[in-house]
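**Q**
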Amino acid sequence: MLQIPGPLCGDKRANEIINGYMNQRLVALMTDIIADFDEDTIEQNPEFAEEIFFLFPENYEKEKQPKLFMKLYHLLKAEDEFAPEQMMEYVLAQILYLYKDLEESVQPMMPERAYVLEKLIEDFEADGDKQAENDAAEYLSQLENPAEYLDLIFWDMDFALLDEYQEEDLARSNPEIAKNANFEEK
């Protein structure tokens, strides 16, 4: 399960519902991409590699792409939270850009939507919002729409630099990135 930065609501249970829902939506988007392939052999399938190459920066080795994609997919499906590597964030962002038109389609409703909405209204009222009900309902709609996740699920936008730089170069330039990096030192 993706670790989402900061609470999106002041209520712990509502946050768990929101995080679970958002992760399920991300898994569903990735499942759409792998649906036509055998998951057991997908990492060695050249057709799958061709299907996903555009989700990665040009400078990322094509041989590594299927493995990283599937690692991300399995981490999202797992119970434990994880902070994604930069390349995983890059791939997630590309998937969200790919499905940006989903905002026009019908989205499945969040489970326990009424409870989450009630807690969001309480948060908005506590902040002195005069239109708490309307603003909370609008915010909940954002939380249910993967097209809005670009503004919600990333800790920072450093992954966007991967179009210009290698992962190792970014890690060397930023101690925070290096601390979370998962590659061998050369």
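The numbers in the sequence shown follow full-length UniProt numbering, run straight up by one, and end at 186. C-beta atoms are modelled at their ideal positions from N, C-alpha and C, and glycine is treated no differently.
Grab me the residues of Lys76's own chain with a C-beta within less than 8 angstroms of its C-beta, minus the 5 sequence neighbours each way, in chain order.
**A** Residue mapping note: residue 76 aligns to position 76 of the sequence shown, counting from 1. First, the amino acid is wrong: residue 76 is Leu here, not Lys. So the list reads Met1, Leu2, Asn23, Leu26, Val27 and Met30, once near-sequence residues are dropped.
**Q** Return yes when the Cβ of Pro66 is within less than 7 angstroms of the Cβ of Asp163, no when it is not.
**A** To locate residue 163, count along the sequence shown from 1; it is residue 163. To locate residue 66, count along the sequence shown from 1; it is residue 66. No.
**Q** Taking Cβ to Cβ, would you say Leu120 is nearer than 7 angstroms to Ile18?
**A** In the sequence shown, residue 120 corresponds to position 120, counting from 1. In the sequence shown, residue 18 corresponds to position 18, counting from 1. Contact: no.
**Q** So, using beta-carbon positions, are Glu43 and Met70 closer together than 7 angstroms?
**A** By one-based count along the sequence shown, residue 43 stands at place 43. By one-based count along the sequence shown, residue 70 stands at place 70. Contact flag set, yes.
**Q** If you draw a straight line from the C-alpha of Val116 to the C-alpha of Asp11, how long is it?
**A** The sequence position of residue 116 within the sequence shown is 116, counting from 1. The sequence position of residue 11 within the sequence shown is 11, counting from 1. Going by the C-alpha atoms only, they are around 8 angstroms apart.
**Q** Thinking C-beta only, is Asp135 closer than 7 angstroms to Asp129?
**A** Within the sequence shown, numbered from 1, the residue matching residue 129 stands at position 129. Within the sequence shown, numbered from 1, the residue matching residue 135 stands at position 135. In contact: Asp129 and Asp135 (Cβ atoms closer than 7 angstroms).
**Q** Would you mind working out which of Lys62, Asn59, Gln86 and Val91 sits nearest Tyr73, comparing C-alpha positions?
**A** The residue given as residue 73 occupies position 73 in the sequence shown. The shortest Cα separation from Tyr73 among Lys62, Asn59, Gln86 and Val91 belongs to Val91.
**Q** Going by C-alpha distance, which of Pro5, Glu81 and Leu96 is nearest Asp32?
**A** As a working mapping, residue 32 is identified with position 32 in the sequence shown. The candidate whose alpha carbon is nearest that of Asp32 is Leu96.
**Q** In terms of DSSP beta bridges, what is residue 189 paired with?
**A** With the chain covering 1 to 186 only, the question about residue 189 has no answer from this structure.
**Q** Count the other CB atoms, across all protein chains shown, that sit within 10 Å of the CB of Pro46; report buried if there are 16 or more and exposed otherwise.
**A** For the purposes of this step, residue 46 is identified with residue 46 of the sequence shown, where counting begins at 1. Label assigned to Pro46: exposed.
**Q** Take Arg113 as the anchor and find which of Pro5, Gly6 and Arg13 has the nearest alpha-carbon.
**A** Locating residue 113 in the sequence shown gives position 113, counting from the first residue. Checked all of Pro5, Gly6 and Arg13; the closest Cα to Arg113 is Arg13.
**Q** Take the Cβ of Ala171 as the centre, count every other Cβ of all protein chains shown within 10 Å, and call the residue buried at 16 or more, exposed below.
**A** Your numbering for residue 171 matches position 171 in the sequence shown. With 16 or more other Cβ atoms within 10 Å, it is buried.
**Q** For Met87, count neighbouring C-beta atoms within 10 Å of its own C-beta (all shown protein chains included) and say buried if the count is 16 or more, exposed if not.
**A** Your numbering for residue 87 matches position 87 in the sequence shown. Within 10 angstroms of the beta-carbon of Met87 lie 16 or more other beta-carbons, which makes it buried.
**Q** According to the Cβ coordinates, are Trp155 and Pro7 closer than 7 angstroms?
**A** Within the sequence shown, residue 155 is the residue found at index 155, counting from 1. Within the sequence shown, residue 7 is the residue found at index 7, counting from 1. No, these two residues do not count as a Cβ contact at 7 angstroms.
**Q** Which residues in the same chain as Tyr139 place their Cβ atom closer than 7 angstroms to its Cβ, once the five residues preceding and following it in sequence are excluded?
**A** To locate residue 139, count along the sequence shown from 1; it is residue 139. Closer than 7 angstroms at the Cβ level, and outside the excluded window around Tyr139, lie Leu120.
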